[in-house]
Amino acid sequence: MSYFDKFNNKGIPFMENRDKGDMHDLIGKTVHIEDFGFIRNDEGDYGVIIVAEDKDNFYFCNAVITDMLHQVDNDGMRDELVKQNIVFSMATSKKGREYFKFEFTGDIPF
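Residue numbering for the sequence shown follows my numbering, starting at 890 and increasing by one per position.
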């Protein structure tokens with residue numbers, strides 16, 4: 890990929906040759922976020938992840954997960970993220986809407 894390819898707005902390079910996965914398929918499984926990026930739309934950024942346990946798909950993230958990914962990136966912990974066990978689940982907001990949430994499990998070495 891050349892420097893200027895990033896301006897073509899085709900998505901994140903790791904999305905190529907992968908299908909859009911459904912986050913519901915990850916619920917309750919321990920996975921490792923292998924890589925992530927952000928795509929901007931009219932409402933702001935949203936995260937896109939790939940997990941080490943699924944080489945065929947990428948996953949679009951909700952605001953809760955996107956905020957965590959931004960914080961990981963801002964704190965310079967991107968390389969450490971893949972070492973962390975993460976489990977996705979569903980929660981219900983005070984307004985009765987369901988959303989994806991996450992929990993880091995196991996020993997976190999930092």
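Glycine residues also receive a C-beta, built at the ideal position from the N, C-alpha and C atoms.
All values reported here derive from a predicted model rather than from experimental measurement.
Selected residue, minimal CA-CA separation from residue i, among the options
i, options, result
"Gly-910", "Ile-954, Ile-975, Cys-950 and Asp-931", "Cys-950"
"Leu-970", "Ile-939, Lys-918 and Asn-946", "Ile-939"
Exposure of residue i, with buried meaning 16 or more beta-carbon neighbours within 10 Å
i, result
"Phe-925", "buried"
"Val-937", "buried"
"Ile-916", "exposed"
"Thr-955", "buried"
"Phe-993", "exposed"
Residue interval of the beta strand (DSSP E) (run including residue i)
i, result
"Val-971", "It is not in any beta strand (DSSP E) - Val-971 carries neither H nor E in the DSSP assignment."
"Glu-992", "987-994"
"Arg-929", "922-930"
Three-state secondary structure assigned by DSSP to residue i
i, result
"Asp-964", "coil"
"Ile-901", "coil"
"Ala-952", "helix"
"Asp-914", "helix"
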